[in-house]
Amino acid sequence: MERLRAIADAHYRASPPAAYEFFKTLDSDGDGRVSINEFLSLMKEQGHVSLANPYFFRELDSNSNGSLDFWEVLTLYYIVKSGRPVCDCCGILVHGIFFSCVECFDSPAGVYSADLHLINLG
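Numbering (the UniProt record's numbering), first residue to last: 1 to 122.
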């Protein structure tokens, strides 16, 4: 996630107004922080259902204070804009080129299905 944070910072420097508007949209009560409820609500509302999970929120919350500040939301903004994938099985952000995290792929329960993780290249 640290590498994504650095990329997000560079992306922000290229277009700061759009990233700030995204933050203001997430921060629906205007307190300068994004709660898990604000996060989950807006992700679902904007159609980012695969990102709307508590695990992903905690991964974004780099200082583990239970809310997202602007710089933590900046990473989310980059992830949304770049279309990075999330594992269909467990909801973990996929940092590489795979569409399943290693734990779900190797799961003895056989929950990984290659048919569900195909890339649409067209």
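We treat Cβ as the ideally placed atom computed from N, Cα and C, and that holds for glycine.
On a predicted model such as this, the values are computed, not experimentally measured, just so you know.
- Item | DSSP beta-bridge partners of residue 68 | 34
- Write down the C-beta distance between residue 34 and residue 80 rounded to the nearest angstrom, noting that I regard them as a contact closer than 8 Å. Actually they do not touch by this definition, with Cβ atoms about 13 Å apart.
- Task: Could you tell me if residue 27 is buried or exposed, where buried requires 16 or more neighbouring beta carbons within 10 angstroms of its beta carbon?
- Result: buried
- Is residue 43 helix, strand or coil when you go by DSSP? helix
- Message: Can you tell me whether residue 7 is helix, strand or coil according to DSSP?
- Response: helix
- Query: So what's residue 52 in DSSP terms, helix, strand or just coil?
  - Reply: coil
- Task: Given a cut-off of 8 Å, decide if residue 56 and residue 23 are closer than it, judged by their beta-carbon atoms.
- Result: no
- Backbone CA spacing between residue 83 and residue 76 [nearest angstrom]: 10 Å
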